[in-house]
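Residue numbers (the working numbering), protein chains in the order written: chain A, 1469 to 1582; chain B, 18 to 132.
Beta carbons: idealized from backbone N, C-alpha and C, even for Gly.
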Amino acid sequence: GESVGLHLPTLSVQEGDNSIINCAYSNSASDYFIWYKQESGKGPQFIIDIRSNMDKRQGQRVTVLLNKTVKHLSLQIAATQPGDSAVYFCAENRYGGSDYKLSFGAGTTVTVRA
Amino acid sequence: NAGVTQTPKFQVLKTGQSMTLQCAQDMNHNSMYWYRQDPGMGLRLIYYSASEGTTDKGEVPNGYNVSRLNKREFSLRLESAAPSQTSVYFCASSEVRTAGKNIQYFGAGTRLSVL
Chain A
1469 GESVGLHLPT
1479 LSVQEGDNSI
1489 INCAYSNSAS
1499 DYFIWYKQES
1509 GKGPQFIIDI
1519 RSNMDKRQGQ
1529 RVTVLLNKTV
1539 KHLSLQIAAT
1549 QPGDSAVYFC
1559 AENRYGGSDY
1569 KLSFGAGTTV
1579 TVRA
Chain B
18 NAGVTQTPKF
28 QVLKTGQSMT
38 LQCAQDMNHN
48 SMYWYRQDPG
58 MGLRLIYYSA
68 SEGTTDKGEV
78 PNGYNVSRLN
88 KREFSLRLES
98 AAPSQTSVYF
108 CASSEVRTAG
118 KNIQYFGAGT
128 RLSVL
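Given below as structure tokens:
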């Protein structure tokens, strides 16, 4: 079946290094993707989004890359800080039934080492 | 800015008890959602409301009911709680839900245990 998923459930990164979090999707008709950050005990927080007509989008210290050929999405965090420790989810905007809904991956836990 | 507010934050129920989870948003969003989050499974959609006066089932609606009370408030009710409903519940809202855009903003969650 079609799904949104992350390549690795955990990622450990040294403070100051760059982090790369990957996500694979299988629905080639999906037109929009979002990355969320969820800190312990909190709700998911919007980080950045990208439409399928784009390959790259940059925010503050974050970059999202979209490769539609291989159905792959990645989130890059520059100069990772302790505050970046969290679970990161990718979400895919799908049309199902009669409406658009977000479908979430299982998440990657990022731990920043001091 | 409050954003999306959920109450209560924590709740313990016995099997068979009922309860209502409350959600309110102050962003004047049309659409509201209820998700559950279980370990290793990400977020799964229970019900959503595209606009005031409408509700629709999501991926896992069994055992739940919802009410869109007005544009601000969207409640989730468990009529007869079961241990399988032990989870963290998140409410979310969005202004736009269409092709190419669907940013949802989440509350802090309700942690529910059913014994």
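In chain order, what residues of the same chain lie with their CB nearer than 6 Å to the CB of residue i, ignoring the 5 residues before and after it?
i	result
B:Gln-121	Ala-109, Ser-111
B:Val-83	Tyr-64, Thr-72, Leu-93
A:Leu-1533	Lys-1524, Ser-1542
A:Ile-1518	Phe-1501, Arg-1525, Val-1532, Leu-1534
Would you tell me roughly how many angstroms separate the C-alpha atoms of residue i and residue j, rounded to the nearest one?
i	j	result
B:Ala-125	B:Thr-24	9 Å
A:Leu-1479	A:Val-1580	9 Å
A:Val-1530	A:Ile-1516	8 Å
B:Thr-32	B:Asn-79	16 Å
B:Trp-51	A:Glu-1483	35 Å
A:Glu-1470	A:Ser-1520	Low local confidence applies: a pLDDT of 37 at A:Glu-1470 is under 50, so the model's placement there is unreliable, with the coordinate-based value given in what follows. When rounded, the distance between both Cα atoms is 17 Å.
B:Asn-47	B:Val-131	32 Å
B:Leu-95	B:Ser-104	12 Å
B:Glu-69	B:Pro-56	32 Å
B:Met-36	A:Met-1522	44 Å
A:Ala-1497	B:Phe-27	39 Å
A:Glu-1560	A:Val-1538	15 Å
B:Pro-100	A:Asp-1485	42 Å
A:Val-1578	A:Pro-1477	9 Å
B:Glu-90	B:Tyr-81	17 Å
B:Arg-85	A:Val-1481	43 Å
Applying a beta-carbon distance threshold of less than 8 Å, which residues of chain A neighbour residue i?
i	result
B:Tyr-122	Phe-1514
B:Met-49	Ordered by position in chain A, no residue passes the 8 Å Cβ test against B:Met-49, which lies about 13 Å from the chain.
B:Thr-115	Tyr-1568
If residue i and residue j are in contact, beta carbons under 8 Å, what's the gap, nearest whole angstrom?
i	j	result
A:Tyr-1504	B:Arg-114	Between B:Arg-114 and A:Tyr-1504 the Cβ distance is about 16 Å, and since that is not below 8 Å, they are no contact.
A:Ile-1545	A:Ser-1487	4 Å
B:Leu-93	B:Leu-129	About 10 Å separates the two Cβ atoms, so there is no contact after all.
A:Lys-1490	A:His-1540	For clarity, residue 1490 of chain A is Asn in the given sequence; the question names Lys instead. 7 Å between Cβ atoms; contact.
A:Tyr-1556	A:Gly-1575	6 Å
A:Tyr-1563	B:Lys-118	The Cβ separation is near 13 Å, so there is no contact.
A:Ala-1554	A:Gln-1506	6 Å
Determine whether the Cβ of residue i lies closer than 8 Å to any Cβ atom of chain E.
i	result
B:Ala-125	No chain E is present in this structure, whose protein chains are A and B.
Would you mind telling me which residues of chain A sit closer than 7 Å to residue i, beta carbon to beta carbon, in chain order?
i	result
B:Met-44	Result: empty, since nearest Cβ-Cβ is about 12 Å, beyond 7 Å.
B:Leu-62	Lys-1569
Suppose the cutoff is 8 Å on Cβ atoms and the five residues either side in sequence are ignored; what does the same chain contact list for residue i look like?
i	result
B:Gly-20	Gln-42, Asp-43, Met-44, Tyr-122, Gly-124
B:Val-77	Arg-53, Arg-61, Leu-62, Ile-63
A:Ala-1582	Glu-1483, Pro-1550
A:Gln-1513	Tyr-1504, Lys-1505, Gln-1506, Glu-1507
So with CB distances below 8 Å, who are the chain B contacts of residue i?
i	result
A:Gly-1573	Gly-59
A:Ile-1500	Reading off the sequence shown, one finds Tyr at residue 1500 of chain A, where the question assumed Ile. In chain order: Ala-116, Gly-117, Lys-118, Asn-119.
Can you pull the chain B neighbours of residue i, defined as C-beta to C-beta under 7 Å?
i	result
A:Tyr-1493	The premise fails here: A:Tyr-1493 is roughly 13 Å from chain B at the closest Cβ pair, so nothing lies under 7 Å.
Which residues in the same chain have their Cβ closer than 7 Å to the Cβ of residue i, if we skip the five residues on either side of it in sequence?
i	result
B:Phe-107	Tyr-52, Gln-54, Leu-60, Phe-123, Gly-124, Gly-126
B:Lys-74	Tyr-64
Can you list the residues of chain A that residue i reaches, using a CB-CB cut of under 9 Å?
i	result
B:Ala-67	Asp-1567
Practice task
Please determine if the segment 29-43 of chain B and the segment 1568-1577 of chain A are in contact, where contact requires at least 3 C-beta pairs separated by less than 8 Å.
Solution key: no
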